[in-house]
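Colleague: I am attaching a structure below and will ask some questions about it afterwards.
Here's what the structure looks like:
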């Protein structure tokens, strides 16, 4: 025979969360999210700054290799239209396009290139760089258009370390 439950016995099973538990969980998640957002922003900015430093280093090393090539060949391998008294290129595109060395035996018309492509400034998103010639002041923002001695970012912003991008 089956037993019939007594009418005054309550068999209530509670499941789910109380309102207080939900409020506490939402508050904790909000605090963690508020702390994570600035960290994500800084990490994105830090990565772009690292890319900018790498791009500047690539271009500067290419300029140095061009100058060394000029000095090693006593300027005779550089075509006349690209020669400068300082030994630095007249434009950045020379580093990418390259040139066929004059008075060089054995290269059979091969171009000498110093960069595969001109790096893009990750801060501005363009391949336009600020340039300084050999005679320009180190902090000059105008280019003397004689040669390309140095490059810098055209962005006016301030980096995470407090320095201006233009000063890199």
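Numbering (our numbering), first residue to last: 1 to 168.
Glycine included, C-beta positions come from ideal geometry on N, C-alpha and C.
Computed from a prediction, not measured in an experiment: that's the story for all the values here.
(1) With residue 152 as the anchor, note down where its beta strand (DSSP E) starts and where it stops.
(2) For the pair the segment 55-66 and the segment 147-156, tell me if three or more CB-CB distances fall below 8 Å.
(3) Are the segment 78-88 and the segment 18-29 touching by the rule of at least three beta carbon pairs closer than 8 Å?
(4) Is the CB-CB distance between residue 112 and residue 101 below 8 Å?
(5) Over what stretch of residues does the alpha helix (DSSP H) that includes residue 53 continue unbroken?
(6) Closest to residue 158 by CA distance: which of 49, 22, 19 is it?
(7) Alpha carbon to alpha carbon, what distance is there between residue 20 and residue 176?
(8) Determine the contact status of residue 136 and residue 143, defining contact as a CB-CB distance below 8 Å.
(9) At what residue ranges does the segment 98-148 contain a whole run of the beta strand (DSSP E), taking only runs of 3 or more?
(10) For residue 69 and residue 95, which I take to be in contact (beta-carbon distance under 8 Å), what is that distance rounded to the nearest angstrom?
Modeller: Checking against the coordinates, here is how it stands:
(1) 150-152
(2) yes
(3) no
(4) yes
(5) 19-72
(6) 49
(7) It is not possible to answer for residue 176, since the shown part of the chain is limited to 1 through 168.
(8) yes
(9) 130-132
(10) Incorrect: roughly 11 Å between the Cβ atoms, too far for contact.
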